[in-house]
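**Student:** So in the UniProt record's numbering, the last one in the sequence shown is 184, and the numbering has no gaps at all. We put the beta carbon where it would ideally sit given N, CA and C, even for glycine. Bear in mind that the values here come from a model prediction, so they are computed numbers and not experimental data.
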Amino acid sequence: MRPVGCGLFIRDFLLGLGPFDTPKIDPERGAPQAEIFLHYKDTLRRQFALDTAVREEEKEAKREKRPISPEKIEARAEFYLTRIPYKLTSMRYHSFVVYFSNLIRLGWVELTGEEEPSAFQDNYPPGPPRKYFRLTDKGKAAPDPEWSNPLMALYADRWGGQAAAREHNRELRRKRKYTRVRSR
Numbered sequence: 001m002r003p004v005g006c007g008l009f010i011r012d013f014l015l016g017l018g019p020f021d022t023p024k025i026d027p028e029r030g031a032p033q034a035e036i037f038l039h040y041k042d043t044l045r046r047q048f049a050l051d052t053a054v055r056e057e058e059k060e061a062k063r064e065k066r067p068i069s070p071e072k073i074e075a076r077a078e079f080y081l082t083r084i085p086y087k088l089t090s091m092r093y094h095s096f097v098v099y100f101s102n103l104i105r106l107g108w109v110e111l112t113g114e115e116e117p118s119a120f121q122d123n124y125p126p127g128p129p130r131k132y133f134r135l136t137d138k139g140k141a142a143p144d145p146e147w148s149n150p151l152m153a154l155y156a157d158r159w160g161g162q163a164a165a166r167e168h169n170r171e172l173r174r175k176r177k178y179t180r181v182r183s184r
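(1) How is the beta strand (DSSP E) around residue 185 delimited, first residue to last?
(2) Can you say whether R92 is buried or exposed, counting buried as having 16 or more other CB atoms within 10 angstroms of its CB?
(3) Helix, strand or coil for G76, going by three-state DSSP, please let me know.
(4) Report the residue from E116, E78, N102, R134 whose alpha carbon sits nearest the alpha carbon of residue 188.
(5) For L12, which option in S183, A141, K131 has the closest C-alpha, if you only look at C-alpha atoms?
(6) Where DSSP assigns a beta bridge to K131, which residues make up the other side?
(7) Run through DSSP, which three-state label would L14 get?
(8) Which value, in whole angstroms, describes the spacing of the CA atoms of A153 and P117?
(9) In whole angstroms, what is the alpha-carbon distance linking P19 and H39?
(10) Answer yes or no: do L103 and I36 have a C-beta to C-beta separation smaller than 8 Å?
(11) Look at the alpha carbon of R66 and the alpha carbon of A53, and state the distance between them as a whole number of angstroms.
(12) Helix or strand or just coil, what does DSSP make of A31?
(13) Would you mind reading off the limits of the alpha helix (DSSP H) that contains N123?
(14) I'd like to know whether the C-beta of G18 is nearer than 8 Å to at least one C-beta of chain C.
(15) I'd like to check one pair, I84 with R130: are the Cβ atoms closer than 8 Å?
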């Protein structure tokens, strides 16, 4: 399970809210896909490190019968952050582009028309430039559940409505055999 939902992160980032200590952008100007992806991956790594540090500090404090120390949590989070590989946390760039294209198809995100040269163009001038995207009014008005699962918003009618699709997914989860992994 991801500590940060991709759709909600994209929405909040493009609204200029600066989610999870990311830079605040101008919502009218927008941001390029690659920049949004970079901040999303960095946020995932930081949250993953923080979650691990909190979990370990809670276990240790319980075992030693002492209060939880925020300083130890912070130190452990830094320790884990330096050791978490970039590719450990979910979503590669291609998956992000596909996910983002679904937001474009829903009409929640649009091109602003602003472009800038990409790093790729330094070595290959005919390469694609960085294009800026911003939220549309439709995207701003979309509710949180739809932002959390844009595929459901896009294809719910094909599956017989959202309720039928949710029930189908529940049934698939019931049939799946899960195994428990022991923690260290």
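**Tutor:** Reading off the structure:
(1) It is not possible to answer for residue 185, since the shown part of the chain is limited to 1 through 184.
(2) Translated into the one-based positions of the sequence shown, residue 92 becomes position 92. R92 should be labelled exposed.
(3) Your numbering for residue 76 matches position 76 in the sequence shown. It is worth fixing the name first, because residue 76 is Arg in this sequence and not Gly. Helix at R76.
(4) Since the first residue shown for the chain is 1 and the last is 184, residue 188 is missing from the structure and cannot be characterised.
(5) Residue 12 sits at position 12 when you count from the first residue of the sequence shown. Rather than Leu, the amino acid found at residue 12 in this sequence is Asp. Cα-wise, what sits closest to D12 is A141.
(6) Position 131 of the sequence shown holds residue 131. Partner(s): E115.
(7) Mapped onto the sequence shown, residue 14 falls at position 14. Here L14 sits in helix by DSSP.
(8) Stepping through the sequence shown from its first residue, residue 153 is reached at position 153. Stepping through the sequence shown from its first residue, residue 117 is reached at position 117. Rounded to the nearest angstrom, the two C-alpha atoms are 34 Å apart.
(9) In the sequence shown, residue 19 corresponds to position 19, counting from 1. In the sequence shown, residue 39 corresponds to position 39, counting from 1. P19 and H39: Cα-Cα distance of roughly 10 Å.
(10) Indexing the sequence shown from 1 puts residue 103 at position 103. Indexing the sequence shown from 1 puts residue 36 at position 36. For L103 and I36, no; Cβs fall outside 8 Å.
(11) Locating residue 66 in the sequence shown gives position 66, counting from the first residue. Locating residue 53 in the sequence shown gives position 53, counting from the first residue. So the alpha carbons of these two residues sit roughly 16 Å apart.
(12) Your numbering for residue 31 matches position 31 in the sequence shown. In this structure, A31 counts as strand in the three-state DSSP scheme.
(13) The residue given as residue 123 occupies position 123 in the sequence shown. First-last of the alpha helix (DSSP H) with N123: 120-123.
(14) Reference to chain C is not applicable here, since this structure consists of a single protein chain.
(15) Residue mapping note: residue 130 aligns to position 130 of the sequence shown, counting from 1. Residue mapping note: residue 84 aligns to position 84 of the sequence shown, counting from 1. Not in contact: R130 and I84 (Cβ atoms no closer than 8 Å).
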